[in-house]
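Working notes for the structure below.
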Amino acid sequence: MEKVCPLCGKNFSPSHGNRKYCSAECSEKAHLNQACANALRRYYLKKRQKKNPKKPKRRYEKPSFNENIRKADECGLSYGKYMALVFMGKSYEEILTMQGGNAS
Ligand SMILES: [Zn+2]
């Protein structure tokens, strides 16, 4: 069964079924090309990273969790109860009023 060498385009009959290239020379060249391509890719990736340095990830606290724990506490409710009311469409102020908190 004839195969075509992907590097030089020659037809060849592989002595081993899994041979991809017509000769050791082509195989070596192909590997070099691959290594070269990888090196180039790395080079360009590095270059691009230098151009656009990654913005430092800004750590911001998730507003909801801590915030709601605090608000629940201020309403004198457990976090779960507070969140249940929030999901029912109540605002913090409403809940606070409902709970007879010290909202003026
Ligand atoms: Zn070849």
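The numbering of the sequence shown is the numbering used here, which starts it at 123 and goes up by one.
Ideal Cβ positions, reconstructed from N, Cα and C, are used throughout, including at glycine.
No experiment lies behind these values; they were computed from the predicted model shown.
The three-state secondary structure of Lys132, taken from DSSP, is coil. Under a 10 Å Cβ-count criterion, Leu167 is classified as exposed, with fewer than 16 other Cβ atoms of the shown protein chains found around its own Cβ. By the Cβ neighbour-count rule, Ala157 is exposed, with fewer than 16 other Cβ atoms within 10 Å of its own.
Residue side-chain check: Cys148 places its Cβ nearer than 8 Å to a non-hydrogen atom of ligand 1. Boundaries cannot be given for Glu124, as no alpha helix (DSSP H) includes it and DSSP labels it neither H nor E.
If only uninterrupted beta strand (DSSP E) runs of at least 3 residues are considered, none is enclosed by the region 178-223. Here Tyr143 is buried: its Cβ has 16 or more other Cβ atoms, across all protein chains shown, within 10 Å.
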